[in-house]
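Residue numbers (our numbering): 167 to 547.
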Amino acid sequence: MRRIALAFIIPLSLLASIARAQPAENTDVSDVSEVDDTSSVTSKSATEQPAFDVLGEVFSEYSYSEVASQKQNAFEMTRAEVGIQRFGKHTMGGEIRLETIRSAGPNSFSGIDEDSLLVRLKRAWGFALHRHGDFEAEARLGLVPTPWIEAVEVDYGMRFLAPSVGERLLFYDTSDIGANVRLAYADRVHLSYALLNGEGRNQREQNRGKTSQGVVTIKALSTPVAGDPLTLRVHLGGQEGSQGAGAARNHRLSAAATFVHPRVALGVEVHQSLGFEEVSTRKSRAASLWLRAHYKHLGATLRIDDHEADLDREMTGSRFYLAGLFAMKRTSMMTLRLGLVARIERSEANATVLPGLAFAGSQNALLLVLGVNFGSEETSL
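Here it is in structure tokens:
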């Protein structure tokens, strides 16, 4: 474990030293970011742009839960990440980002040193960017963020509690090895197309087919309301691909819309799949509605997910409910959140890990959550 940790810490320390030694680059672009409206993969532009940004996120919780009438309480580390990135108005750059995971996966009996927390690579990619007037063109290569996850997380802002529905249910993985081309016009229209292995960040390529994924984002509205901007974004996307050694179909159609104001944000996300969990014929559908509000040092969140795991079978539905209230403190280098969250999961008889036993997929949990974002630039995801 020490050798694994040193293998990551030493390169990050060297890069951080370089970041401190590099002079800042100036741009003429003012900061137009909204409160709690930033992306973990998209930096804010500022009048003074550092050579590198060093970022970190730590989210932990104490949970008291009830599953099938069995009560349990535990301290959990739900998210710990650190990374170095160079974005903004730079014409060349990239990102290296590490995350912690449990060494034993859902289908494992044991992991490394029983079930230790390990560090793995989440994203590692470089880019080249070209501008011509209001047009921008960017090419990426490496372990890149998948277009859909990157697009919707700009406004989602609740990643510290749970991934968006598309990532939580594995309609899309958060990153994959491949190439990505992005086009933008005047910050109004964004087009992203990626050619990926299709196996996510935790598998090698298992078949000869590649997965293509595309997303179009349109800023349909931006108008001042109560002295602050109200923005409407619409996302349309899809995926054509295969997964696993048997090259099972893994196709997706997706849509989302978000209304974002510094004080309140509302979003809806819908997915339809043909091929799911390496079963070519399985059709699945998911929808999510989320709401978050912010006033001074208080924040509130609400989310409802609905999932039909197999549209051709009965009793394969599940529901996910999340509601929380937070105290928040922001500085130029850190965002701190402390809150109380209720999480409820309900599954029908054929949607549980033990088919026919609905109680196996039902859970009630009360969480005390502490979240910290730190580094040279604030992130909210």
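The C-beta atom is built at its ideal place from N, Cα and C for all residues, glycine as well. Since the model is a prediction, treat every value here as computed from it, not as a measurement.
- Bridge pairing for F218: absent [DSSP].
- Per DSSP, Y322 is one residue of the alpha helix (DSSP H) stretching across 313 to 322.
- In this structure, DSSP gives A234 a state outside helix and strand, which the three-state scheme calls coil.
- In the structure shown, the three-state DSSP call for N368 is helix.
- Short of 7 Å from the beta carbon of W314, and not among the five residues preceding or following it, lie these beta carbons of its own chain, in chain order: G332, Y338, Q379, V381, G403, S420.
- Taking a C-beta distance under 9 Å as the contact criterion, E232 and A515 do not qualify as a contact pair.
- Nearest C-alpha to A508 among V318, F486, R268, F275: F486.
- Ranked by how close their Cα comes to the Cα of G277, the residues S269, E435, D300 have S269 in first place.
- Taking all protein chains shown into account, E480 has fewer than 16 neighbouring C-beta atoms within 10 Å of its C-beta and is therefore exposed.
- For E265, the uninterrupted beta strand (DSSP E) run begins and ends at 258 to 268, by DSSP.
- Contact between L349 and T467 does not hold, since the beta-carbon distance rounds to 33 Å and is not under 8 Å.
- S498 and D476 do not touch by the CB rule: their CB atoms are close to 49 Å apart, not below 8 Å.
- If the five residues before and after R334 are omitted, its C-beta is found closer than 8 Å to the C-beta atoms of A328, D471, F486, all from its own chain and listed in chain order.
- For A466, the three-state secondary structure derived from DSSP is strand.
- Cβ contact annotation for D342 (same chain, cutoff 8 Å, sequence separation greater than five): L309, V310, T312, A360, L362, N363, G364, E365, G366, R367, T377, in chain order.
- Taking 8 Å as the upper bound for CB-CB distance, S408 and R415 are in contact here, some 6 Å apart.
- If you ignore the 5 residues before and after G249, its C-beta comes within less than 7 Å of the C-beta of L221, E261, I262, R263, L264, all in its own chain and listed in chain order.
- Its chain contains K385 as the residues whose beta carbon lies nearer than 6 Å to that of R354, once the 5 sequence neighbours on both sides are disregarded; these appear in chain order.
- Each residue's CA atom was taken as its position, placing F218 and Q238 some 43 Å apart.
- Between the beta-carbon of P428 and that of H460 there is about 7 Å, and that keeps the pair under the 8 Å contact cut.
- When rounded, the separation of the alpha-carbon atoms in T501 and Y230 is 25 Å.
- A direct Cα-to-Cα measurement between A317 and T383 gives close to 7 Å.
- Within its own chain, the residues whose Cβ lies closer than 7 Å to the Cβ of H463, once the five positions on either side in sequence are excluded, are A493, M494, K495, listed in chain order.
- Taking each of F442, A517, S439 in turn and checking the Cα distance to T482, the smallest one comes out for A517.
- Between F293 and E304, the C-beta spacing is below 9 Å.
- With contacts defined by Cβ atoms closer than 9 Å, P390 and L396 form a contacting pair.
- One thing to note: G323 has its Cβ no nearer than 9 Å to the Cβ of R469.
- Taking all protein chains shown into account, H473 has 16 or more neighbouring C-beta atoms within 10 Å of its C-beta and is therefore buried.
- As for any alpha helix (DSSP H) of minimum length 4 sitting wholly inside the segment 275 to 345, the runs are 313 to 322, 331 to 334, ordered along the chain.
- N516 carries a helical assignment under DSSP once its states are collapsed to helix, strand and coil.
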